[in-house]
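Chains as they are written, first to last, in the numbering used here: chain A, 1 to 112; chain B, 113 to 226.
All C-beta atoms, glycine included, are put in the ideal place defined by N, C-alpha and C.
Structure first, commentary second.
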């Protein structure tokens, strides 16, 4: 079955540690996106990529980094510079870019 | 920059009653419009989309939405809700003039009461 896989579903980290969230898709989609979801704030765009080896900052990129070395993969690193990293993170993909996005099941990150 | 406003953060509604969820976006020449639904601790699922053509769009689970270009709105409606429609609903806009960036509204939580 085609889809988007985010792992892990739940992630706990100590404050000050970097952590990488995985997102893999086998839909052959060109574009991939990372969103952060906080209660009452909807989804806010962190980074997006329309093609391999290229990505753009979204609205809240500070404290995050990404790479797009393969079409299927778009990992997100939450760095120690992110002041409030505890949130629900959603990965999505679409093709062509800007069309309907398909979402993974999310990763809930808790920093203690 | 594109912005999307969902005017109601919560909408309580009785089972079998109609519901309307409002969505407005900032003006743009070329946009695609979407409504998604999210159940607790899950990803988002597409309900319907407007790309071009007829301004009345029908989606899954009996939902429909109307695109109004002059009012830059894309309101979602369902004539008769079920308990299973209890979820959070998100309006999203893809702005082709802004690098196909997909921007979401703040969400509307629908609570269907028996």
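For residue 124 (chain B), the enclosing beta strand (DSSP E) covers residues 122-126. Residue 84 (chain A) has its alpha-carbon roughly 10 Å from the corresponding atom of residue 110 (chain A). Assignment of residue 180 (chain B) by DSSP, reduced to helix, strand and coil, places it in the strand class.
Contact check for residue 114 (chain B) against residue 134 (chain B) fails: the beta carbons are separated by 8 Å or more. The beta carbons of residue 4 (chain A) and residue 25 (chain A) sit closer together than 8 Å. Interface residue (Cβ-Cβ distance to chain A less than 8 Å): residue 166 (chain B) is not classified as such.
With a 10 Å radius around the Cβ and a threshold of 16 neighbouring Cβ atoms, residue 50 (chain A) comes out buried. For residue 194 (chain B), DSSP records no beta bridge to any residue. Inclusion of residue 136 (chain B) and residue 215 (chain B) in the CB contact set at 8 Å is not warranted, their separation being larger than that value.
For residue 110 (chain A), the pairing in a beta bridge is given by DSSP as A:12. The continuous beta strand (DSSP E) containing residue 76 (chain A) extends over residues 76-78. Residue 189 (chain B) and residue 143 (chain B) have their C-alpha atoms spaced approximately 20 Å apart. When rounded, the separation of the alpha-carbon atoms in residue 42 (chain A) and residue 10 (chain A) is 20 Å. DSSP links residue 215 (chain B) through a beta bridge to B:205. For residue 134 (chain B), no CB of chain A lies under 8 Å from its own CB, so it is not counted at the interface with that chain. Using beta-carbon distances, residue 27 (chain A) does not count as an interface residue toward chain B, since no partner is under 8 Å. Of all residues in the region 16-47 of chain A, only 31, 33, 35, 37, 40, 41, 42, 43, 44, 45 place a beta-carbon less than 9 Å from a beta-carbon of chain B. In the DSSP assignment, the residues bridged to residue 199 (chain B) are B:222. At a Cβ-Cβ threshold of 8 Å, residue 169 (chain B) and residue 193 (chain B) do not count as neighbours.
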